[in-house]
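The structure appears right after this line, and notes come after that.
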Amino acid sequence: MALPRTFAISPLPQEIINFITDEVANQRSDRNSAALVSLRACSLVSKYFRSQSLRHIFSSINIVVGDSDQYRASSLLKPIQHRNSDVIVQSVRSLQVTFNATFLS
1 MALPRTFAIS PLPQEIINFI TDEVANQRSD RNSAALVSLR ACSLVSKYFR
51 SQSLRHIFSS INIVVGDSDQ YRASSLLKPI QHRNSDVIVQ SVRSLQVTFN
101 ATFLS
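Numbering (the UniProt record's numbering), first residue to last: 1 to 105.
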């Protein structure tokens, strides 16, 4: 018996999706770039993975400001100005800004 074309399989329970994403994030010791790439991939899997992945990706932001970093600082505004920025802004748990001595003189 063939299923109708409009049949959609329901997603996994959100708790299981969050558990999977949390396990990927737990492998992120010392900002492991492979784990960060995996979290980015999780955020693109589906809307069900997106918010939990973004919570981990943007939980800690470290900004080092120097003489030539104005472009990098302005590029930080792009994700914040995105239409889904409320998820990103609510995800930040730690924000560290470091100014280089040459920038201050």
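Here a beta-carbon is modelled for each residue, glycine too, at the ideal position from N, C-alpha and C.
Spatially closest choice to residue i from the options, by CA coordinates
i, options, result
"Gln52", "Val65, Gln96, Pro11 and Val24", "Val24"
"Ser91", "Phe58, Val64 and Val65", "Phe58"
"Phe99", "Gly66, Val87 and Glu15", "Gly66"
"Gln14", "Val64, Ile88 and Ser46", "Ser46"
Where residue i sits in the DSSP three-state scheme
i, result
"Val89", "helix"
"Ala8", "Note on Ala8: pLDDT 49, under 50, position unreliable in the model; the coordinate value appears next. Coil, per DSSP."
Beta-carbon contacts of residue i that lie in its chain and below 8 Å, excluding the five residues immediately before and after
i, result
"Ile17", "Pro11, Tyr48, Phe49 and Gln52"
"Leu39", "Thr21, Val24, Ala25, Arg28, Ser53, His56 and Ile57"
Contact set for residue i: own chain, Cβ-Cβ below 6 Å, skip 5 residues either direction
i, result
"Asn62", "Gln96"
"Val87", "Ser51 and Leu54"
Cβ-Cβ separation, residue j to residue i (assumed contact under 8 Å), whole Å
i, j, result
"Arg93", "Ser60", "6 Å"
7 Å Cβ shell around residue i - same chain, five flanking residues per side excluded
i, result
"Phe7", "Unreliable positioning characterises Phe7 in this predicted model, as indicated by a pLDDT of 48, which lies under 50. The coordinate reading is nonetheless provided below. Result list for Phe7: empty, nothing under 7 Å."
**Item:** Segments assigned beta strand (DSSP E), at least 3 residues, entirely inside the stretch 28 to 65
**Value:** 60 to 65
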